[in-house]
Amino acid sequence: MSFEQSKFVWVNGAIVPWEKATFHVSAHALHYGSGVFEGIRCYDTVNGPAIFRLREHLERLFASAKFYEMKIPYTLEQLDAACREVVRRNGFRACYLRPICFYGSSALSVHPRNCPVESAIFAWQWGAYLGAKGDEHGARICVSPWRKFHPSMMPTTAKACGQYINSILAVQDAVRRGFDEALLLDRDGEIAEGSGENLFVVKNGGIVTNDERHSILFGVTRDAVIQIARDLGVPVETRAMTLEELEGADEAFFTGTAVEVTPIEQLDEKKIGRAVPGPITKKIRDVFRAATSGRDTRYAHWLRPVD
Ligand code: PMP
Numbered sequence: 004m005s006f007e008q009s010k011f012v013w014v015n016g017a018i019v020p021w022e023k024a025t026f027h028v029s030a031h032a033l034h035y036g037s038g039v040f041e042g043i044r045c046y047d048t049v050n051g052p053a054i055f056r057l058r059e060h061l062e063r064l065f066a067s068a069k070f071y072e073m074k075i076p077y078t079l080e081q082l083d084a085a086c087r088e089v090v091r092r093n094g095f096r097a098c099y100l101r102p103i104c105f106y107g108s109s110a111l112s113v114h115p116r117n118c119p120v121e122s123a124i125f126a127w128q129w130g131a132y133l134g135a136k137g138d139e140h141g142a143r144i145c146v147s148p149w150r151k152f153h154p155s156m157m158p159t160t161a162k163a164c165g166q167y168i169n170s171i172l173a174v175q176d177a178v179r180r181g182f183d184e185a186l187l188l189d190r191d192g193e194i195a196e197g198s199g200e201n202l203f204v205v206k207n208g209g210i211v212t213n214d215e216r217h218s219i220l221f222g223v224t225r226d227a228v229i230q231i232a233r234d235l236g237v238p239v240e241t242r243a244m245t246l247e248e249l250e251g252a253d254e255a256f257f258t259g260t261a262v263e264v265t266p267i268e269q270l271d272e273k274k275i276g277r278a279v280p281g282p283i284t285k286k287i288r289d290v291f292r293a294a295t296s297g298r299d300t301r302y303a304h305w306l307r308p309v310d
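Numbering (the working numbering), first residue to last: 4 to 310.
In C-alpha cells:
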C-alpha cells in the first residue's frame with residue numbers, strides 16, 4: 004500500500020493537490036475521534052472503472068454522521084460525483100476510496116459544538132488487505148482478548164473514527180502474536196467480527212452470519228455475499244455464532260471492502276475445515292469477483308461507472 008500515486012484530493016467541495024489536503028492540529032476529530040468515514044473499492048471492470056455499491060456506502064456515511072449529530076454539508080449526490088471525480092483526476096482504474104467527514108477546529112470541549120464539519124475524499128491503490136498469502140491460502144486469525152464494544156456503549160452500526168481504537172488494540176495484539184487478524188467476541192462471549200471484517204461460517208452447505216445484536220458493523224460486502232449466496236441457492240442463516248461453532252465449521256471466511264472475500268485457514272492453533280478456500284467459499288468468492296469485475300451482469304447495478 005502506498006499513497007505515492009495519489010495526486011489529488013477532494014476537500015470541502017474542490018479538488019486540491021495531495022500536499023494541500025491538510026487540516027489544523029487543533030481539529031476536534033484528531034483529539035477525540037469525532038469523525039465518520041467510508042472505505043470503498045473502485046474496480047477496473049470490463050466497462051471501465053466503476054465504484055462498488057457507492058450509494059450504499061454513502062448512505063452508511065450519512066447514517067454514521069447522524070449518530071454524532073453531524074450535518075454533512077453536501078448531498079449524497081454531490082459526494083457521489085466527488086468520489087468519481089477523485090478516481091478520474093488521479094487517473095486510477097482500480098483503487099480504494101476514503102471519504103471522511105469530521106469535526107474540525109474551533110474549540111476542544113468534548114461537545115463538538117461550533118466545530119465546522121470538514122469533508123474530504125481521497126483514494127489510493129490498495130491490493131489484498133490480508134496480503135496475497137491471505138487471499139490464496141487463507142488468513143490465520145486469533146480470538147482477541149479485547150471484546151467488541153456493546154451497542155449500549157457506542158453504535159456498532161456506525162463507522163466512526165474513534166470507534167476504531169477498539170479494533171486497533173485487537174489487531175495489534177493479533178499481529179504481535181504472529182497472526183494476520185483478530186476476531187473479537189461481543190460482551191456476551193459470542194462472535195462479533197474481525198477488526199475490519201464481518202465473519203461467515205459454512206456448515207452443511209449453508210452459510211451463517213450474525214447481525215447488529217452481536218455488535219457488528221453492517222458490511223456492504225456482507226450484504227453482497229448474502230445476496231450472492233441466495234442466488235446460488237446456498238441457504239443463509241442470520242443468528243448468533245459461537246466459538247465452538249467456528250471451530251467445528253466446514254469453512255469460514257471474512258468479508259469486507261478491503262479483504263473482499265478472504266477464507267480463514269486457522270483460528271488460534273486450530274485449522275478450520277479441510278481445504279482453503281473450501282468449496283462454498285470459493286463459489287461465493289468467484290461470483291463476487293465476477294460481480295466486481297462487471298463480468299456477471301446480474302450484479303451490474305452494484306457498479307457505479309466513474310465516467
Ligand atoms: N466490520 C468492521 C468493523 C469494518 O471496519 C468493516 C470494513 N468497513 C466491515 C465490518 C466490513 O464492512 P464493508 O463490507 O462495508 O467494508
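Note that CB positions come from ideal geometry on N, CA and C, so glycine has one too.
Only a predicted model underlies this, so the values are computations on that prediction, with no experimental measurement involved.
query                                                                                                                                                               : result
Does the beta-carbon of Leu220, which I'm using as the reference point, lie nearer than 8 angstroms to any heavy atom of the ligand PMP?                            : yes
Which of the three DSSP states is assigned to Gln269 in this structure?                                                                                             : strand
May I ask which residues mark the beginning and end of the alpha helix (DSSP H) holding Ser122?                                                                     : Taken as a continuous stretch (DSSP letters only), Ser122 belongs to no alpha helix (DSSP H), being part of the beta strand (DSSP E) at 120 to 127.
What are the partner residues of Val205, as DSSP defines its beta bridges?                                                                                          : Ile210, Glu254
Does the distance from the CB of Trp13 to the CB of Cys86 come in under 9 angstroms?                                                                                : yes
Buried or exposed, going by whether 16 or more other CB atoms sit within 10 Å of the CB of Ile219?                                                                  : buried
Quick check on this structure: which residue in Ser170, Ala177, Arg180, Met73 has the alpha carbon closest to the alpha carbon of Asp189?                           : Ser170
Run through the segment 163 to 188 for me and flag every whole alpha helix (DSSP H) of 4 or more residues, listed as ranges in chain order.                         : 167 to 179
Could you work out which residue in Ser147, Val178, Gly276, Thr160 is closest to Lys206 when comparing CA atoms only?                                               : Gly276
To which residues of the same chain is Thr258 closer than 7 angstroms at the C-beta, ignoring the five residues directly before and after it?                       : Glu200, Asn201, Phe203, Gly222, Thr224, Arg225, Val228, Val264
Keeping to the same chain, check which residues put their C-beta closer than 6 angstroms to that of Phe6; ignore five residues upstream and five downstream.        : Trp127
Do Met4 and Gly197 have their C-beta atoms closer together than 9 angstroms?                                                                                        : no
Is the Cβ-Cβ distance between Ser29 and Leu111 less than 9 angstroms?                                                                                               : yes
Inspect the CB distances between the segment 156 to 174 and the segment 230 to 240 and report whether three or more fall short of 8 angstroms.                      : no
May I have the straight-line CA-CA distance separating Lys69 from Pro102, to the nearest angstrom?                                                                  : 16 angstroms
Can you name the residues that DSSP bridges to Trp13?                                                                                                               : Ile18, Ile124
Quick check on the DSSP output: what are the complete alpha helix (DSSP H) runs of length 4 or more inside the segment 67 to 110, in order along the chain?         : 79 to 93
Please report the distance separating the alpha-carbon of Pro115 from that of His27.                                                                                : 15 angstroms
Can you tell which of Val89, Pro76, Leu100 has its C-alpha closest to the C-alpha of Asp310?                                                                        : Val89
Can you give the Cα-Cα distance for Tyr302 and Ser296, rounded to whole angstroms?                                                                                  : 10 angstroms
Helix, strand or coil for Val309? Go by DSSP, reduced to three states.                                                                                              : coil
Sorted by chain position, which residues of the same chain lie with C-beta nearer than 8 angstroms to Lys274's C-beta, five sequence neighbours on each side aside? : Glu268
Please indicate yes or no: does the CB of Asn213 lie closer than 8 angstroms to some heavy atom of the ligand PMP?                                                  : no
Ends of the beta strand (DSSP E) at Ala227?                                                                                                                         : No beta strand (DSSP E) holds Ala227; the alpha helix (DSSP H) holding it covers 223 to 234.
What do you reckon, is the C-beta of Arg180 under 8 angstroms from a heavy atom of the ligand PMP?                                                                  : no
Going by beta-carbon coordinates alone, are Val211 and Leu186 separated by less than 9 angstroms?                                                                   : no
Using three-state DSSP, classify Arg292 as helix, strand or coil.                                                                                                   : helix
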